[in-house]
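Structure record follows, encoded as structure tokens.
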Amino acid sequence: MSAPASIAPRAVARSERVGEGLDAVMRVVETPMAALQRLIGVARMPYVFILPNMVLFTIFVFVPVGLAIAYAFTGGTDLLIWDRPYVGLENFKALLDCGNYLEPATCRYNLFWTAVHNTWWYTLLNTLGTLFFALMTALVLNRLTWGRGFFRAVFFYPVLLSPVVVGLVWQWFLAREGLLNGFLTEWLDTRIIFLLEVGWSRAWVVYVSIWFHMGFYMLIILAGLQAIPRDIYEAAQIDGTSQWRQFWRLTLPLLMPNLLVVTVLLLIRSVQVFDEAWVLTNGGGPGTANTFIVQFIYQTAFSPELRLYGLASAASVLMGIGLLVLTLSQLWLAKKAEV
Amino acid sequence: MTAISMRDLRKSYGTLEVIHGIDIDVDSGEFVALVGPSGCGKSTLLRMISGLEPISAGQMSFDDQRVNDLSPAERQIAMVFQSYALYPHMSVRKNLSFGLENLRMDRAEINRRVEAAARMLAIDGYLDRRPKALSGGQRQRVAIGRAIVRQPRVFLFDEPLSNLDAKLRVQTRSEITKLHKQLKTTMIYVTHDQVEAMTMAQKIVVLNKGKVEQIGRPLDLFERPANLFVAGFIGSPRMNIYPGKVVSADGTGVSVESAHLGRFTVPHAIAGIEAEGDIVIGLRPSHLKLGAAEPGAGGGTMTVEQVESMGHETFVYGRTSQSEDLTIVHVPGHFEAEMGASLAFTFDPAFAHLFSAASGRSLKEART
Amino acid sequence: MIAFLTRTRQKGRMDLTDWLAWGWAILGTLVVAIPVGWAVISSLKTEAEINSFPPALVPRAAQTITIEGQSKPLSVWIRKAPDGSEQTVALVRRIGLAATVLDPAKPQETFRVPVSELSQLKEFHLQWSNYTEPLKQFNFLRYLWNTVFVTVVATALTLFLNSLTAFALSKYRFAGRNAVFALILSTMMIPLSVIMVPAFMVIVGLNLADNLWGVILSTVSTPTGVFLLRQYMLTIPDDLIEAARVDAASEFRIYWRIVLPLCAPALAVLAIFSVIWRWNDFLWPLIVLSSPDNYTLQIGLNSLQGQFNVQWHYILAMTVVTLLPVTVVFLFLQKYITEGVASSGVK
Ligand SMILES: Nc1ncnc2c1ncn2[C@@H]1O[C@H](COP(=O)(O)OP(=O)(O)O)[C@@H](O)[C@H]1O
Ligand SMILES: [Mg+2]
């Protein structure tokens, strides 16, 4: 917490002079705050301390949440809510107007339903894939006695990159002149324009997402693994339980609460897929093969020729309800895991 | 030099009242100890004096000025915490000067005071160390030094010695006493250790369950405990307690009968005492002597359970009957006895404390 | 060395699962490293090299030679004559399938050969101008500065305001404290994607559209930050705060001089995360910022690839510039970061 006991007195003195320098600067805030304290009393100071944050939360979260619902019931292309006509459930009706929900072409807003379908498939595959790779990697790292820190860092590294960087790095890797096509030409004498083919591009979007985020979930699972007491395994070993059985009968059940939380977290994040997929596929292509719900909202609201804020908000509200259900189930699971 | 007076002071947390109307007067320059068992509200009361804890009802004044709504700084008190509460990220020097800087005091004056306090407490060698690099005793001194430099109107101590080992505790005890003599500032000292209170304080306030049991000079509390609680709390080892009955009382004395101590006569009058009344008899271990009772003196026999000899003195623990509390006898010098042996003891009835069995109040006190 | 490698959990010989584990770890490392490494290598290639296929594994450039009497340096080629003899030549010009070359030893005599007989000589070459050009030409210096500004200011404000809130929530009892805390935590459940439309309206209403402050202010308050700091502050003894109060410190001074320095470890974790979050932010700046002068690196980078003529040599160089700070931070603080994530579940 504080500096070690062995720290040289001179260093202590020096650090304190720096502190005094900062102190002089901070007087600008401190003096009025002290005056305020004299005015309103100590008991009211905590309200002053939470005020700036609460104002920001109010402006940028609470007000928008209220507005999102209000927007969903208005039409037109004006941004400011007071200029917008009330249209009732029109936006929801339009979004949900569909001959067959499994067949986006039969829907009034077929792009929305395409996005819903894409998101649904993406969520399924991404969740399962990430879960599998994160679990395997965590198991592997937990097994290593040497180099674990190194590999943990390596697998975690992509998590810290930006979606744009990830999208571009992979776009380049998969490009027509990219490394992968280089190898394909060398070995199979063929070349695939991965990101322009529907099937391939969808597969790569899922793959890149797993590559990008896997390390985060891996860390959480690894923490769960390391919380399992060693002696359980030692007892099992003495009983002659095979490693395979140990995994199915000990590791997996003990890890289950942890995995459930990770799964719901993954579902929540997958539903909101946008950034890296958007960059990788250059805006959801080919065609609408990789257009997801958030992209639909973004485009419906902000592309200059649409500006359908009401429709976008209605879609937001629908997605928000879905996320809320997922989040609440996560809280419920987390609580159950604690007990 | 500040006199403090508390009038019907109360503190509640929500609906739970923990201080139930306290009246205390602290004279200017006095050293007062607040003692009582753990959880009785000592710290709460001290924090009410300091201004850290809002006062729910009643009045607190410093030199006749009402201070209920003043902050600790405005009351100009200094406090030494049980945990010392030294700022871990600041050097000793900074720990001492922080409070003065907050008052925007002149730098030269700050340095002068810090140096003076450090010299006085012999911590001038560690001024540039962090508290972590100090021993428990040194930290304790820094905590005291932090209070001294402020030159407060009142010093408040909350069990400042409880984190020290026994030897250091005795030494620091006398140092704090010396400090008080030197500074002549009003000091209020909270402790659950009655020995500390007895040896240091000029006046002791015994608290129990948020109420004052007795206020007095240390010797007064020892010799004339106002009630059974104070009698049991002050003095080490504790007072021996036996049930008894008043046989007769007149202007010359009170005749008492007890299943454990036989019949004896207290040789002075006690006002308002009734014959046939149930009483409790209290006897200090040092007032008991081993040996058969002489006529007129009280006495009993006990079965020895334990003998603790310190060489220069011995405590003999026994029971007068299976159902009663231990009887403790103080024997000067070394003494040996077999477990289970039967020993007779006696005492001078003049030293017996009589308490009402119903109220626990001292019957001796009723005379004055 | 072998003994070191084989020291596995059973402290015995490597069994099959150990080999599989090592295989997985090493393969995974390659999967992580190769795309990033490839981008870094490619970012140092010339435009011609980057568009040539199949790609070379190292950055190279055509070897050139300056010949007297020729205005420009000429590229160097190997000519393989039909008789099988080889000869080094310099290419003067090329028209269709025929090329005019000369022998560097006899610079006056040019002669024509079919292009099919020529293969170019290349040498190792790092094209640093990929990095310097976009900084000048595409305003990238501006994007870089905007990003640094947003990151630094937002992180400083995040630390300041969130720690102030955490201080109030952890060290005071006041009416509504639990409600406020619950309210702050509940904002974790509201992702940007759900409220982006009205949030943008609020930005427009505040006249902060296309303004870096619009990006900064809306990201400053984070429930994660408040939560992290509050948990840490709960471990600071209340005695210290009361001691400071007795020492005549104002409440703000207690925060500033006592609580904040003691929270340094938690502040460091939050600072690291905040820097990474703000550096990497994409969707919100994409919504708020519209004029290129206000772009952050991420937005600028994204806009490059949307251009008609995709200049991968520049895009990749700027990608590397963008990932470099995060990588450096991670290299130095990886233990801090991975442990922070594992213990707090923050991302
Ligand atoms: N913040 C609080 N809320 C409720 N009860 C409290 C609080 N602080 C102290 N108490 C109660 O007040 C009583 C006195 O506590 P305290 O003054 O700390 O006792 P001590 O004599 O050991 O110093 C205790 O019963 C304690 O439980
Ligand atoms: Mg206490």
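Residue numbers (the numbering used here), protein chains in the order written: chain A, 1 to 339; chain B, 1 to 368; chain C, 1 to 347.
C-beta: ideal position from N, C-alpha, C; glycine also.
Because the structure is a prediction, the values reported are computed rather than measured.
Q: Residues of the region 235-251 of chain C with a CB closer than 8 Å to any CB of chain B: list them in chain order, please.
A: Pro-237, Asp-239, Leu-240, Glu-242, Ala-243, Ala-244, Arg-245, Val-246, Asp-247, Ala-248, Ala-249 and Ser-250
Q. For Ser-291 (chain C) versus Asp-210 (chain C), is the C-beta distance shorter than 8 Å?
A. yes
Q: Closer than 6 Å by C-beta to Leu-185 (chain C): which residues in its own chain qualify, once you throw out the five before and the five after it? Chain order, please.
A: Pro-223
Q: Flag Ser-12 (chain B) as yes when its Cβ comes closer than 7 Å to any non-hydrogen atom of ligand 1, and as no otherwise.
A: no
Q: Run the CB neighbour count on Tyr-109 (chain A), radius 10 Å, all protein chains shown included, and call it buried at 16 or more, exposed below.
A: buried
(Q) For a contact defined as C-beta to C-beta under 9 Å, what are the partners of Tyr-131 (chain C) on chain A? (A) In chain order: nothing, as chain A lies at least about 15 Å away.
(Q) Using the Cβ count rule (16 or more neighbours within 10 Å means buried), how would you classify Val-25 (chain A)? (A) exposed
Q: Tell me whether Arg-152 (chain A) is buried or exposed, calling it buried when 16 or more other Cβ atoms sit within 10 Å of its Cβ.
A: buried
Q. Can you list, in chain order, the residues of its chain whose CB lies under 6 Å from that of Arg-153 (chain B), leaving out five sequence neighbours each side?
A. Thr-2 and Gln-76
**Q.** Contacts that Tyr-71 (chain A) makes with chain C (C-beta to C-beta distance below 9 Å)
**A.** Val-197, Pro-198 and Met-201
Q. Does the region 28-37 of chain B come close enough to the region 185-205 of chain B that 3 or more CB-CB pairs lie under 8 Å?
A. yes
Q | Cβ-Cβ separation, Pro-54 (chain C) to Glu-197 (chain A) (assumed contact under 8 Å), whole Å | A | The pair is not a contact, with the Cβ atoms about 20 Å apart (cut-off 8 Å).
Q: Could you tell me the boundaries of the alpha helix (DSSP H) in which Tyr-298 (chain A) lies?
A: 293-302
(Q) By the 7 Å beta-carbon criterion, what residues does the region 13-26 of chain A contribute toward chain B? (A) Ala-13 and Glu-16
Q | Sequence-distant residues of its chain with Cβ nearer than 6 Å to Leu-157 (chain C) (five each side left out) | A | Val-220
Q: Closer than 8 Å by beta-carbon distance: list the chain B residues that pair up with Pro-261 (chain C), in chain order.
A: His-89
Q) Is it true that the CB of Val-35 (chain B) sits closer than 8 Å to the CB of Thr-191 (chain B)? A) yes
Q) Is the beta carbon of Gly-282 (chain B) less than 8 Å from the beta carbon of Pro-349 (chain B)? A) no
(Q) If you measure between the beta carbons of Thr-130 (chain A) and Tyr-217 (chain A), is that distance less than 8 Å? (A) yes
Q | Nearest to Ala-342 (chain C) (by Cα), restricted to the options A:Gly-147, A:Trp-332 and A:Asn-258 | A | A:Asn-258
Q: Would you mind stating whether Ile-276 (chain C) and Tyr-336 (chain C) have Cβ atoms separated by less than 8 Å?
A: no
**Q.** Element boundaries [alpha helix (DSSP H), containing Val-208 (chain A)]
**A.** 198-226
Q | Any non-hydrogen atom of ligand 2 within 7 Å of Asp-128 (chain B) CB | A | no
Q.
Using 8 Å for Cβ pairs, my map puts Thr-165 (chain C) next to Ile-50 (chain A). What's the rounded Cβ distance?
A. 5 Å
Q.
I want to check one thing, is the minimum distance from the CB of Gly-36 (chain B) to the heavy atoms of ligand 1 below 7 Å?
A. yes
Q. How would you label Tyr-131 (chain C), buried or exposed, when you count the other beta carbons within 10 angstroms and need 16 or more for buried?
A. buried
Q) By a C-beta neighbour count over all protein chains shown, 10 Å radius and 16 as the cutoff for buried, is Arg-263 (chain B) buried or exposed? A) exposed
Q) Is it true that the region 274-294 of chain A meets the region 77-97 of chain A, where meeting means three or more beta-carbon pairs spaced less than 8 Å apart? A) no
Q: Indicate, with yes or no, if ligand 1 has a heavy atom lying under 7 Å from the CB of Leu-16 (chain B).
A: yes
Q: Measure the C-alpha to C-alpha separation of Pro-104 (chain A) and Phe-92 (chain A) and round it to an integer number of angstroms.
A: 16 Å
Q: Alpha carbon to alpha carbon, how far is Val-328 (chain C) from Gln-82 (chain B)? Give it in angstroms, no decimals.
A: 46 Å
Q | Neighbouring residues, chain C, relative to Ser-73 (chain B) (Cβ below 7 Å) | A | According to the sequence shown, residue 73 (chain B) is Ala rather than Ser. Those within 7 Å of Ala-73 (chain B) in chain C are Ala-248.
**Q.** Rounded Cβ spacing between Leu-217 (chain C) and Leu-266 (chain A) (contact assumed at less than 8 Å)
**A.** Wrong, their Cβ atoms sit about 31 Å apart, outside the cutoff.
Q | Closer than 8 Å to chain B by CB, Val-317 (chain A) | A | no
Q) Any idea what DSSP makes of Glu-365 (chain B), helix, strand or coil? A) Per-residue confidence for Glu-365 (chain B) stands at a pLDDT of 48, beneath the threshold of 50, marking its modelled position as unreliable; the derived number appears in the next sentence. In this structure, Glu-365 (chain B) counts as helix in the three-state DSSP scheme.
Q) What's the gap between the Cα of Glu-294 (chain B) and the Cα of Val-254 (chain B)? A) 18 Å
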